DNA sequence: ATCCATACGTTCGATAATCGAACAAACTCG
DNA sequence: CGAGTTTGTTCGATTATCGAACGTATGGAT
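Chains as they are written, first to last, in our numbering: chain A, 6 to 260; chain B, 6 to 260.
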């Protein structure tokens, strides 16, 4: 049986272990001791210590007594992803202007698997405003930004990803049937935008459009989010969609 | 001689190689082939391929034919640093309000070695506006945000870092003597703010204040940057300093 | 469409990197 | 201050990783 699941000798276990340790840090664990890191990463204590020592030498982690924390050099890794995609800077600036104009928060994201990952965000000045940091992940199937990007997948790939998610009913409004999600995504793709209404969180309504490169390939998506007490679906379509489309076109024109 | 520089067996070479490959991606190299990555990272082609394969399996890198590029999962690594520091979200929101009010761009950063690393940035709506992404690094000794943070170091440590930089004359205004930099940093620390005037880039003037935690320990710094044609040093001190100090105090009060 | 040069994927034995148990040292908490 | 817990370090053993070499694939020029 061991031979049946022979390990991939091209896969570097040590690198994987190290990256795994980095991902144990976060909001839940701003600092970690060696033993905590070992437990969370599923490593022996000696191995966890070697990982932390190496990361510290390289500047990705800082040590204060027994406590380790991620250092700002960890931002380098993510920054390089952002720096490699020129459309994101452009999007951030244009979304800033759009948010000022419509007085709502706006975002940009990219699709990865069954998640969207925020790559830009502008909060509005309202007290109740969507506020997500760059790097945040949300389920693609239940977000407007996710649905407009999923619509670019081939039918087989879309079904493959649909089947791989464990669909949860986040609110009473969440679409939970796979067929329902599939149909909605196809319909949104046909109309060129998506509105998601309180499926992820009660009170939250978002409208999104895709962003493409000059060659027509998908880059990501952008959206505006509002409190459902402030704007109806109809209002969003009538008042927010044209602004989003204009921003999307300006981004496409500049890359 | 080989024995004299015996390798640190607690340092994981494979992890270091992997992270090094990640850092070869960026604005200059949004995509890389196996051979390019090997050359830039100083590895054999087979090793570079194994690193890229492992990163791809883990989701940090994506492959399109022969071209590899960083995937959005790379943002996770940097996001975890930001997520672990609650003051940064708070700073971003308050800086957004401040930028709107004063109609200039604002930023927050943390000190790492002889660099500052941007952790938040708000561009103003002006055509000529400072625009730096989160993750960007700038030399601490020649920036207002850097100087206010360097002022928190002990004298010995400050001198150690001073001696380790290769001081460059970015503009005719750049302070290039170590003694001059040292004095300026001490003076700025004493007055509680720093103004840097066209030392890094002609036409760019910035004012910064430190941000501390409740315990008085340094968290980072915040700044406002303007075009030198729009504001004198005196104007910055008279009109911008109080707003920055207020934001700094509100951040400190909330963490 | 073909050919040639370049780049890539894969494999294997050798080697070096990595492992983790064990023990001493350090730290924390009561 | 003492006890319990955690960490740092070391060593021999084991496994992960390496890179040269060769076959395959790709891309560019003609």
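Every residue gets a Cβ at the ideal spot worked out from N, C-alpha and C, and that includes glycine. These numbers were taken from a predicted model, which means no experiment stands behind them.
Residues that DSSP places opposite residue i in a beta bridge
i	result
residue 213 of chain B	B/199, B/228
residue 37 of chain B	B/73
residue 17 of chain A	According to DSSP, which records beta bridges pairwise, residue 17 of chain A is partnered with nothing at all.
residue 45 of chain A	BP columns for residue 45 of chain A are empty, so no partner.
residue 223 of chain B	B/217
Span separating the alpha-carbon of residue i from that of residue j
i	j	result
residue 66 of chain B	residue 45 of chain A	24 angstroms
residue 177 of chain B	residue 146 of chain B	16 angstroms
residue 5 of chain A	residue 143 of chain A	A query on residue 5 of chain A cannot be resolved here, the shown segment of chain A reaching from 6 to 260 and no further.
residue 48 of chain A	residue 22 of chain A	8 angstroms
residue 159 of chain B	residue 197 of chain B	16 angstroms
residue 63 of chain B	residue 203 of chain B	44 angstroms
residue 15 of chain A	residue 55 of chain B	5 angstroms
residue 120 of chain B	residue 187 of chain A	48 angstroms
residue 258 of chain B	residue 26 of chain A	32 angstroms
residue 251 of chain A	residue 18 of chain B	49 angstroms
residue 276 of chain A	residue 248 of chain A	Outside the shown range of chain A (6 to 260) lies residue 276 of chain A, about which nothing can therefore be said.
residue 12 of chain A	residue 24 of chain A	19 angstroms
residue 117 of chain B	residue 141 of chain B	12 angstroms
residue 185 of chain A	residue 157 of chain A	17 angstroms
residue 85 of chain A	residue 241 of chain B	33 angstroms
residue 165 of chain B	residue 253 of chain B	28 angstroms
residue 33 of chain B	residue 239 of chain A	44 angstroms
residue 95 of chain B	residue 123 of chain B	15 angstroms
residue 232 of chain A	residue 180 of chain B	51 angstroms
residue 162 of chain B	residue 173 of chain A	53 angstroms
residue 131 of chain B	residue 244 of chain B	18 angstroms
residue 37 of chain B	residue 171 of chain B	30 angstroms
residue 69 of chain A	residue 148 of chain B	26 angstroms
residue 195 of chain B	residue 61 of chain A	32 angstroms
Proximity of residue i and residue j at Cβ, strictly below 8 angstroms
i	j	result
residue 97 of chain A	residue 150 of chain A	no
residue 138 of chain A	residue 88 of chain B	yes
residue 20 of chain B	residue 20 of chain A	yes
residue 59 of chain A	residue 42 of chain A	no
residue 115 of chain A	residue 225 of chain A	yes
residue 230 of chain B	residue 109 of chain B	yes
residue 227 of chain B	residue 113 of chain B	yes
residue 234 of chain B	residue 208 of chain B	yes
residue 82 of chain B	residue 79 of chain A	yes
residue 155 of chain A	residue 190 of chain A	yes
residue 153 of chain A	residue 77 of chain A	no
residue 91 of chain B	residue 260 of chain B	yes
residue 210 of chain A	residue 169 of chain A	no
Own chain, CB closer than 6 angstroms to residue i, minus 5 neighbours either side, in chain order
i	result
residue 182 of chain B	none
residue 175 of chain A	205
residue 101 of chain A	127
residue 129 of chain B	104, 108, 109, 110
residue 134 of chain B	110, 128
residue 136 of chain B	128
Same chain, Cβ closer than 8 angstroms to residue i, neighbours up to 5 away in sequence not counted
i	result
residue 39 of chain A	50, 53, 54, 57, 71, 73
residue 31 of chain A	none
residue 99 of chain B	252, 255, 256
Same chain only: Cβ atoms within 7 angstroms of residue i, ignoring 5 sequence neighbours per side
i	result
residue 35 of chain B	74
residue 193 of chain A	152, 153, 156, 199
residue 93 of chain B	87, 113, 124, 125
*Entirely enclosed alpha helix (DSSP H) segments - the segment 55-138 of chain B, minimum 4 residues*: Runs of the alpha helix (DSSP H) inside the segment 55-138 of chain B: 78-88, 91-107.
*Which runs of the beta strand (DSSP E) spanning at least 3 residues fall entirely within the segment 130-183 of chain B, listed in chain order?*
Within the segment 130-183 of chain B, the runs of beta strand (DSSP E) at least 3 residues long that lie entirely inside it are, in chain order, 142-144.
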